[in-house]
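Numbering (UniProt numbering), first residue to last: 1 to 295.
Backbone N, C-alpha and C fix where the C-beta goes; we use that ideal spot for every residue, glycine too.
Only a predicted model underlies this, so the values are computations on that prediction, with no experimental measurement involved.
Below: one structure, written as structure tokens.
Next comes the structure, spelled out in structure tokens:
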């Protein structure tokens, strides 16, 4: 990859966001569930990998455990909260993230507000990933894996049931689609994708804290999914790329001398709001589905 060090970091963060957004796009586009807590599963995956690695678990096994634990957590909380609909579900997932951040901030075993420090580099087959370029290739492989799984899921019998569910829940249920089971499945798969991204993030950064997974990150994921196009793998990737680049540019602008400390957050929220308004007005289905339809 012919990228500068700073560009490699941006590429890694872009890929990690794309992995989480692919799952969220499936959840919102097919299961019709709005989640404002996707970053909580990224945090679960990151802390799973970090804690296991610090307790002398081989880093590769720690990374593989991240999506599994995230999916199990989603399955556990999904049984009660997926009975909710609309804004009630959105607020419930937001509450889950706030509770998780509060627990991580107070738990000694998770490092409290200070977080986990000194995480080892990820090693695969005796090869230690200690450079940004290594993680860029790892993230690229992760994005391809997540996209392939999502594609296979959409094309499978479950995917056909999800498409029927997206068209109309009552009609899908009357046709014999196990609505509850499919909705829980895609919720767990979405969480697994985010957990995998979190696991890679923990080794890439080498440090974790509750502040690494703010509510703003979950909102960012939603904006990425909506802008790119819900239910579209290509839309998720495009939305993640577009928003990540915009956020990086805003961060650079907001950290210039003379800018107030709150500038990054204010600019981010303003841009998210403007992008959502523009998408709703001009491309309500998202960029990629609109381009496909027009071509």
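Proximal residues to residue i (C-beta, below 6 Å), its chain only, five neighbours per side dropped
{"i": "residue 209", "result": "115"}
{"i": "residue 207", "result": "117"}
{"i": "residue 130", "result": "121"}
For residue j and residue i, the rounded distance between their alpha carbons
{"i": "residue 161", "j": "residue 117", "result": "44 Å"}
{"i": "residue 265", "j": "residue 165", "result": "36 Å"}
{"i": "residue 174", "j": "residue 167", "result": "13 Å"}
{"i": "residue 218", "j": "residue 128", "result": "31 Å"}
{"i": "residue 305", "j": "residue 12", "result": "As shown, the chain starts at 1 and ends at 295. That puts residue 305 outside it, with no answer to give."}
{"i": "residue 223", "j": "residue 275", "result": "8 Å"}
{"i": "residue 280", "j": "residue 170", "result": "26 Å"}
{"i": "residue 247", "j": "residue 272", "result": "10 Å"}
{"i": "residue 186", "j": "residue 31", "result": "7 Å"}
{"i": "residue 58", "j": "residue 294", "result": "49 Å"}
{"i": "residue 63", "j": "residue 135", "result": "13 Å"}
{"i": "residue 259", "j": "residue 244", "result": "21 Å"}
{"i": "residue 205", "j": "residue 34", "result": "29 Å"}
{"i": "residue 179", "j": "residue 270", "result": "37 Å"}
{"i": "residue 137", "j": "residue 154", "result": "26 Å"}
{"i": "residue 267", "j": "residue 254", "result": "8 Å"}
{"i": "residue 263", "j": "residue 257", "result": "11 Å"}
{"i": "residue 67", "j": "residue 74", "result": "10 Å"}
{"i": "residue 199", "j": "residue 156", "result": "27 Å"}
{"i": "residue 283", "j": "residue 140", "result": "28 Å"}
{"i": "residue 123", "j": "residue 203", "result": "10 Å"}
{"i": "residue 7", "j": "residue 249", "result": "12 Å"}
{"i": "residue 85", "j": "residue 159", "result": "21 Å"}
{"i": "residue 56", "j": "residue 107", "result": "20 Å"}
{"i": "residue 216", "j": "residue 65", "result": "26 Å"}
{"i": "residue 78", "j": "residue 125", "result": "36 Å"}
{"i": "residue 76", "j": "residue 181", "result": "13 Å"}
{"i": "residue 102", "j": "residue 152", "result": "37 Å"}
{"i": "residue 87", "j": "residue 45", "result": "26 Å"}
{"i": "residue 50", "j": "residue 172", "result": "41 Å"}
{"i": "residue 214", "j": "residue 14", "result": "17 Å"}
Whole-number beta carbon distance between residue j and residue i, since they are thought to touch under 8 Å
{"i": "residue 22", "j": "residue 150", "result": "5 Å"}
{"i": "residue 183", "j": "residue 94", "result": "Not confirmed; about 18 Å, so no contact."}
{"i": "residue 113", "j": "residue 105", "result": "5 Å"}
{"i": "residue 197", "j": "residue 16", "result": "4 Å"}
{"i": "residue 90", "j": "residue 36", "result": "5 Å"}
Proximity of residue i and residue j at Cβ, strictly below 8 Å
{"i": "residue 132", "j": "residue 252", "result": "no"}
{"i": "residue 42", "j": "residue 69", "result": "no"}
{"i": "residue 97", "j": "residue 147", "result": "no"}
{"i": "residue 278", "j": "residue 143", "result": "no"}
{"i": "residue 119", "j": "residue 54", "result": "yes"}
{"i": "residue 38", "j": "residue 221", "result": "yes"}
Beta-carbon proximity list for residue i, same chain, < 7 Å, skipping 5 on both sides
{"i": "residue 225", "result": "21, 24, 25, 28, 236 and 239"}
{"i": "residue 100", "result": "40 and 43"}
{"i": "residue 177", "result": "161, 164 and 165"}
{"i": "residue 285", "result": "229"}
Residues of its chain near residue i, where Cβ-Cβ distance is below 8 Å and the 5 sequence neighbours each way are ignored
{"i": "residue 71", "result": "188, 189, 191, 192 and 195"}
{"i": "residue 52", "result": "61, 62 and 65"}
{"i": "residue 234", "result": "228 and 288"}
Test: residue i CB closer than 8 Å to a CB of chain B
{"i": "residue 169", "result": "The chain labelled as chain B is not found in the depicted structure, where only one protein chain is given."}
message = Does the contact criterion of 3 or more C-beta pairs under 8 Å hold for the region 215 to 230 versus the region 281 to 290?
response = yes
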